[in-house]
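Heads up: the structure comes next, in structure tokens.
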Amino acid sequence: FGYSDTFNHFLKQTQDIIIGIAKKNAEINNQASLANHAISVITSQLDELHQKITDYEELKQAINNQEYKLSPENPHQTALKKYQTQFQAQEDNSALKEEYLSQIPQNISELESSMANLSIQRASTGNFSLPDTSHRIKIDILKTQFLQNASQQLTTVENQITELKNQIEQANIQLKNNIIIAPETGTIHLNSEFEGKSLIPNGSEVAQIYPDIQKIKEVFITYYVTSEHVSLLKEKQGVRLSLEKVGNQTLTINETIQTIDKSATKTNQGNLFKVTALSKLSNKDSDVVQYGLQGRVTSVITRKSYFNYYKDKILNSFN
């Protein structure tokens, strides 16, 4: 029924889900790695800009407080010394101080603007998808679908099995009703009236069981005679049946009349009387004689000597 193909199809779809999610997660991890690297670079740049702002603020504080020394890492130490030299050489120092201090806020503003742009860039860079962990859920859903489908197919097959069992049971009942068992062994003679018919009325005689000739070693011979000859026949009278080409030989069977119908039977040859004779067969004859054989019947009406036979024949010729 192809259930192994269905199971293999389920395994393939399961594998496709795992491979598809693994590929997707690999892309997500790669994007996350690139994003983390970009964030690290931006963070480093922000730290540098923040340090520059700190250095400018320290320079501003030193100018305002008339300090002569900055932090060792502060790159504005030269600018502070230059300011101090000019400050000591001039009498009106307010203009000089204003000139130096006016440049610092502008530089800090530019640095803060750069930091703002970098912060926005870092925030947007951090928007990446999380790894997909839904493969188990998807496989469970797929499993449920396949199990439901398999359950439906199982129900269909079980219904088909039940239906087939019912059909077999009905067929067995019909077969039982169609089988005719003979009460004894013998030769079957079918009733030609029902030949080729599929329906036969109950109680109809569809066949007759003839005795086994080889066992009983006797047969009934049936023949018909006209009304002008039937009066010459009587029960216990002798009859001879001549059969040609029976077992590649001519066979003659001696019989004795058993019954003579009292009324005629209507046939295509006119009204005829049915005569039945009984023949006792030898072992040899019972092996070759079969039901339905046809031959020539001779009835022995009377017995005469050859002298009387020819005498009557001669006398009849003169009459």
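Per UniProt numbering, the sequence shown starts with residue 1, numbered consecutively. Yeah, the Cβ is synthetic: ideal placement off N, Cα and C, and Gly gets one too.
Taking only heavy atoms of the ligand ATP into account, decide whether any of them is closer than 6 Å to the Cβ of residue i.
i: I161; result: Looking for the ligand ATP in the displayed structure turns up nothing, as the structure carries no ligands at all.
To the nearest angstrom, how far is the alpha carbon of residue i from that of residue j?
i: V214; j: S279; result: Sequence check: residue 214 is Gln here, not Val. Taking the straight line joining both Cα atoms gives about 13 Å.
i: E205; j: S192; result: 11 Å
i: R122; j: L46; result: 10 Å
i: N202; j: D5; result: 53 Å
i: T256; j: D287; result: 21 Å
i: V219; j: L272; result: 22 Å
i: I301; j: L232; result: 6 Å
i: Y83; j: L70; result: 13 Å
i: T187; j: N159; result: 46 Å
i: Q51; j: M115; result: 11 Å
i: Y210; j: I173; result: 29 Å
i: S134; j: E48; result: 42 Å
i: P72; j: I63; result: 17 Å
i: P131; j: S33; result: 12 Å
i: E91; j: E110; result: 33 Å
i: I139; j: D16; result: 10 Å
i: A95; j: E112; result: 27 Å
i: N25; j: Q106; result: 46 Å
i: F146; j: I137; result: 14 Å
i: E98; j: Q31; result: 50 Å
i: I260; j: V239; result: 13 Å
i: N93; j: I120; result: 42 Å
Per the DSSP calculation, residue i is bridged to which residue(s)?
i: R240; result: N254 and T298
i: A38; result: The partner list for A38 (beta bridge, DSSP) is empty, contrary to what the question assumes.
i: V225; result: F273
Looking at the structure shown, is residue i part of a helix, part of a strand, or coil, going by DSSP?
i: N271; result: strand
i: E218; result: strand
i: L266; result: Just to set this straight, residue 266 is Lys in the shown sequence, not Leu. Three-state result, K266: strand.
i: K24; result: helix
i: K280; result: strand
i: T259; result: strand
i: D132; result: coil
i: E235; result: coil
i: V288; result: helix
i: Q249; result: coil
i: L49; result: helix
i: L11; result: helix
With distances taken from CA atoms, which of the options is nearest residue i?
i: N36; options: R240, H50, T125 and T298; result: T125
i: I221; options: T155, V275 and L70; result: V275
i: F7; options: L199, L142, N107 and H189; result: L142
i: residue 320; options: Y83, I21 and K234; result: Any property of residue 320 remains undetermined from this structure, which presents the chain solely from 1 to 319.
i: I108; options: A62, L147, D132 and T54; result: T54
i: V230; options: E218, K262 and T250; result: K262
i: E57; options: G238, F194, E48 and I104; result: I104
i: E228; options: T250, A264 and L241; result: A264
i: T185; options: E169, I216, N159 and I168; result: I216
i: Y3; options: L154, A182 and N254; result: L154
i: Y100; options: L80, Q90, F194 and K284; result: L80
i: G270; options: T259, I253 and T226; result: T226
i: G295; options: I28, A38 and I253; result: I253
i: V297; options: Q237, Q208, V157 and D140; result: Q237
i: E180; options: Q167, K266 and A207; result: Note on residue identity: the sequence assigns Ile, not Glu, to residue 180. Closest option to I180, Cα to Cα, is A207.
i: L241; options: S299, E195, N65 and V41; result: S299
i: Q258; options: G292, K234, L281 and N268; result: K234
i: T250; options: D285, T85 and H76; result: D285
Every unbroken beta strand (DSSP E) inside the stretch 142-211 [3 residues or more]: Within the stretch 142-211, the complete beta strand (DSSP E) runs of at least 3 residues are 187-190 and 207-210.
4-residue-minimum alpha helix (DSSP H) runs that sit fully inside the stretch 67-101, ordered along the chain: Along the stretch 67-101, the alpha helix (DSSP H) occurs as fully enclosed runs of 4 or more residues at 77-89, listed in sequence order.
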